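K.L.:
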Amino acid sequence: MCRALIKCKKCKRVVTRASLRDHHCGKVRCSTCQKYVKPENHQCYLQPVKAKKTRTAEEGNDLLNDDVAVENDVEDTKNLMFFDFECTQDDGKHVPNLCVVQNESGDEKVFSGPNTKDEFCEWMFQQENANTTFVAHNFQAYDGYFILQYLYKNGITPEIITRGAKILSLTVPEMNIKFIDSLCFIPMKLAAFPKTFGLTELQKGYFPHFFNRAENQDYVGPMPEAKFYDPDGMSTDDREKFYTWYSDQEQRQYEFDFQAEILRYCQSDVDILRRCCLEFRELFHQVTDVDPFASCLTIASACNLVFRKTFLQENTITVIPPCGYKPENKQSVIALKMLAWVAQRDNIAIRHARNHGEQRIDKYLVDGFNVETNTVWEIQGCLWHGCERCYARDTVNPINHMTMQDLKQRTLEKIQFLKDNGYNVVEIWTCDIESQLATEPEMKDFFDNFEISEPLEPRHAFFGGRTNATRLYYDVQPEEKIRYVDFCCLYPWCNKYGEYPIGHPEIITENFQPISDYFGLVKCSVLPPRALYHPVLPYRTQGKLMFPLCRTCADNLQQEPYHHSDAERTLHGTWVTLELEKALEKGYKLVRIDEVWHFPEHTDGLFKDYIDTFLKIKQEASGFPQGCDTDEKKGQYIADYAAKEGIQLDPRQIVKNPGLRALAKLMLDSFWGKFAQRPNMTKVKIISDPAEYFDLLSSDQINVTDANFINDELIEVHFENVDQFVEADGKTNVVIAAFTTAHARLKLYGVLEQLNRRVLYFDTDSAIYVSKEDEWEPPTGSYLGQLTDELDGGYITTFVSGGPKNYAYESSTDKTVCKDRGITLNYRTQQHVNFDVMSDMVRGEGPERVTVNIPYKINRDTKEKSVKTRSENKDYRIVYNKRVIVNNFDTLPYGF
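Here it is in structure tokens:
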């Protein structure tokens, strides 16, 4: 064909000349297991990472484009450096005027003045720093923007991995320099690092960031006014500590030397970052034999790598094909809808797969056939038949690995055969169908209402945690207390004790058995019961996760009572069998099953060894419990733990170690999320060649979602794969994620159904409820999956909620707590949004909305790659629409 490509004479497949020696007719190399397989029936599995491989930095760095977590399974031996910027913001725009960078030994370089960014970057991108990983805390949302500014201005094209507006990783391949964010591994404020890792001699200080202005650079004198430290932007407790410190400085008549102070502050931050990150890396490596900073971008990917390296058994967790197990079924649905539409429109009878079966003509099956007119209909899926308008001739079908040219030729041969044998042939391409649907409302309405089920999509069975308020306001009555409990390590409990599928599923589309005979996912329709205060099945609508008893009421957010028909109430969705069985137990009725993914093999020990390993470390690093001060008590504690968790603690290792405990807790809490990662993430490419840009725009395999013209030389292109060309991910499995969250919801439901109307609020792993004498109380304990008392024996006297993630309460000690997901509740905002305000608004005695001014809101400009501080107003309102509000601030599920 050309110097680079050649067509195999036997199978007609196009391959590169370099790979011809490894070519096997009818087979392709699987990117996950690396075996040569037949693509049409290959079923792959997550692969255990083999013996540790190491490569030198000179051998290069082949990062994958995975914008949530990336690991190479190969450790790059790189130097680490740690840095931090301090910035002026005279006009709101952040401009670095100091940078401190330290190597692993603590050797330091300082860059200062108005050219700080350029001078730092010019030094950084010298040959002496090749093969280095630079670490900053919150690099993704702050420091990374300044690095990109420099690179773009100087025409340097980095490789970047983003998540929305955040920069997870940035690499300059020419020098093998990489930037990562410590916040992605240690998700906490830098100020919390020293205590977390037991480095108590370190402490993050205070600095007047808003005093860092051009006119103050040479200031020496009394302490700057407290307002320059923005104490009102601190939490109430931190603000109190700050004023204690500030008053002490004033009493001492402390002389504030701006240049000395800003340098000392930045040096301290970098020192904390360096020492704690090195401690984290050392502990991680000791426990797992993995260097997280060398191989990964997030703690989730590090956990996943450790699992695959040490704990994963072969042929257990599957790689789910991105287009499903029967991708041709999606095409069949479109074909059947089109044939039914033509039959109705033209008032003719068309035989097809759904009535009398596809007509066979010699060696061919045809999509549709009318015997009276001797007419054949072929609904040509563009991907399967090589549509020349949608795909280039050399584009390779990702399922069967044939070129579009070969697929088109095969299609032409079939059409010609039919015509030669006297049949009238009508070809309809799916791209034409899509065009018609966009312009013909009657046809679109027919398609939308045609009763045929799309193939099961496993991601539709993946729902998040269950969060809502069921009572918006409650004052305790005599002999009542409001309790607040939460599960100890709920998701690790699910991973250790939950039943999970292993192996590939059987795809069942007919002759269905009772749900109890299946283990896996079910796409079906169910009719909820009436009068169930806590419904079982999750349902997505209006951008929310709800638990309704009526589909139509939930879809319309209908607060007024309305009696819908059973058909209007029926839920359509895909659920895990465990949750579906519980629903049937609570009175739900199965109306119709469309498809089942049944896993004959399943186990409750899939993740047990992983969880036990890090649970043991966490427990030992916590030290002995308070009061466990004799050999007898210590021995009993160890015996009790072994009896309950099946883990034998080593008394010699039971010593308080904050850093090790924090690491083990991260490994437990961050483990399962990687399995849920979407395979088709947005990718970013920096392009300097116009031809490459137009190749991306014209590609039939990707969709360009955004293009930012940085300057005359560079374009930042954001794109994602077309659905049919999404590659399989050998590190994820959304079915595992779906089972994890289903186990968690069922665990919480076990508490909700027993407390019933005494529940006031719940959030994934916790519940707030009314405790009454002589009524059932949820048992508490300190082991995995047991409920713990969040208030340490105290109780709540008044509770109020404006909806999910929005509540406040007053405790028996007169302490008030206020939580709101939409507003960062520091001292300033709590003057406007607090227990009293929320209580008044919920009870209808306050304003409909409260406007909160945030004077120093940091904004990122993704076009300019700049960081700016702006004043911003946020409106706080009570918007509750996940259930129906009734009398006495109670709520009922939709359709109750």
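If you want the working numbering, it's the 1-based position in the sequence shown plus 10. Yeah, the Cβ is synthetic: ideal placement off N, Cα and C, and Gly gets one too. Values in this document were obtained by computation on a predicted structure and should not be read as measured data.
1) What's the call for Q136, buried or exposed, on a 16-neighbour Cβ count within 10 Å?
2) Is the Cβ of Q390 closer than 8 Å to any Cβ of chain C?
3) Does DSSP put T477 in a helix, a strand or coil?
4) Kindly give me the distance between the Cβ atoms of Y620 and F317, rounded to whole angstroms, as I take these residues to be in contact under 8 Å.
5) With DSSP as the reference, label I344 as helix, strand or coil.
6) Which residues in the same chain have their Cβ closer than 7 Å to the Cβ of T421, if we skip the five residues on either side of it in sequence?
7) Please return the same chain residues whose Cβ sits closer than 6 Å to the Cβ of E388, not counting the five positions on each side in sequence.
8) Output needed for V280: all residues of its chain with C-beta closer than 6 Å, excluding positions within five of it in sequence on either side, in chain order.
9) Look up M91 in the DSSP assignment and give the residues it is bridged to.
10) Report back the beta-carbon spacing between I746 and I725 to the nearest angstrom; my notes put them in contact at under 8 Å.
11) Please classify H514 as buried or exposed, where buried requires at least 16 neighbouring CB atoms within 10 angstroms.
12) Tell me the DSSP bridge mates of P789?
13) With a threshold of 7 Å on Cβ separation, who are the neighbours of I272 within its own chain once the five nearest residues in sequence on each side are excluded?
14) Decide yes or no for the touch test of the region 438 to 447 against the region 359 to 367: beta carbon pairs closer than 8 Å, at least 3 of them.
15) Threshold first: 3 residues or longer. Then list the beta strand (DSSP E) segments lying entirely within the region 676 to 707, N to C.
16) Note down the Cα distance separating D722 from S876, rounded to an integer number of angstroms.
17) Is it true that the CB of F266 sits closer than 8 Å to the CB of M233?
18) Just checking my contact of L537 with G905 at CB under 8 Å: how many whole Å lie between their CB atoms?
19) For the beta strand (DSSP E) containing P511, name the first residue and the last one.
20) At which residues does the alpha helix (DSSP H) containing E444 begin and terminate?
21) Just to confirm the assignment, what range does the beta strand (DSSP E) spanning T872 have?
22) Determine the burial state of N667: buried for a count of at least 16 other Cβ atoms within 10 Å of its Cβ, exposed for fewer.
23) Look up K741 in the DSSP assignment and say whether it is helix, strand or coil.
24) Tell me which same chain residues have a C-beta within less than 6 Å of the C-beta of P332, skipping the five on either side of it?
25) Beta-carbon within less than 8 Å of V732's beta-carbon, same chain only, minus the 5 sequence neighbours each way: which residues are those?
26) Can you tell me the Cα-Cα spacing of C392 and W439, whole angstroms?
27) From V182 to V297, what distance separates their C-alpha atoms?
28) Figure out for me which residue from P451, D247 and R579 has the closest Cα to the Cα of L600.
29) Just verifying my parser: in three-state terms, what is the DSSP assignment at G804?
30) For A747, which three-state DSSP category applies?
31) With H, G and I counted as helix, E and B as strand and the rest as coil, what does DSSP make of P865?
32) Taking one C-beta from the region 584 to 600 and one from the region 486 to 502 each time, how about it: are there three or more such pairs within less than 8 Å?
33) Applying the 10 Å Cβ sphere with the 16-neighbour rule, what's the burial state of K6?
34) Can you give the beta carbon distance from A140 to I187, rounded, assuming they're within the 8 Å contact cut?
35) Can you list, in chain order, the residues of its chain with a C-beta nearer than 7 Å to that of M453? Leave out the 5 residues immediately preceding and following it.
36) Quick check on F379: does DSSP put it in helix, strand or coil?
P.N.:
Answer, in terms of the structure:
1) The residue is exposed, with fewer than 16 neighbouring Cβ atoms inside 10 Å.
2) Structure shown: chain C not included; a single protein chain is present.
3) Strand.
4) Rounded, the Cβ-Cβ distance is 5 Å, consistent with contact.
5) DSSP, reduced to helix, strand and coil, places I344 within a helical segment of the structure shown.
6) Closer than 7 Å at Cβ, skipping near neighbours: Q390, H395 and G396.
7) D377 and E437.
8) Contacts found: F92, D94, V110 and Q112.
9) Per DSSP, N113 and F144.
10) About 38 Å separates the two Cβ atoms, so there is no contact after all.
11) With 16 or more other CB atoms across the displayed protein chains lying within 10 angstroms of its CB, H514 is buried.
12) BP columns for P789 are empty, so no partner.
13) So the qualifying residues of the chain are E96, L108, F217 and N222.
14) With the cut-off at 8 Å, the region 438 to 447 and the region 359 to 367 do not touch.
15) You should have 693 to 697.
16) Roughly 18 Å separates the two Cα atoms.
17) Yes, the pair counts as a contact, with Cβ atoms nearer than the cut-off.
18) Here L537 is actually not in contact with G905; their C-beta atoms are around 10 Å apart, not less than 8 Å.
19) Where P511 is concerned, the enclosing beta strand (DSSP E) stretches over Y510 to I512.
20) For E444, the enclosing alpha helix (DSSP H) begins and ends at T440 to T449.
21) From DSSP, T872 is part of no beta strand (DSSP E); its letter is neither H nor E.
22) When all chains shown are included, N667 counts as buried.
23) The answer is coil: DSSP assigns K741 none of H, G, I, E or B.
24) So the qualifying residues of the chain are P689, V736 and A738.
25) The answer, listed in chain order, is D710, Q711, I712 and N713.
26) About 6 Å.
27) In a straight line, the C-alpha of V182 is about 31 Å away from that of V297.
28) Comparing Cα-Cα distances from L600 to each of P451, D247 and R579, the minimum goes to R579.
29) DSSP places G804 in the coil class of the three-state scheme, outside both helix and strand.
30) Helix at A747.
31) Look at P865 here: in three-state DSSP terms it is strand.
32) No: fewer than three Cβ pairs fall under 8 Å.
33) Since the displayed the chain opens at 11 and closes at 906, residue 6 lies outside it and no answer follows.
34) A140 to I187, Cβ: 7 Å. Contact.
35) Scanning its chain for C-beta atoms nearer than 7 Å, with the 5 sequence neighbours on each side dropped, one finds around M453 the residues W351, Q446 and L447, in chain order.
36) Of the three classes helix, strand and coil, the one that applies to F379 here is strand, per DSSP.
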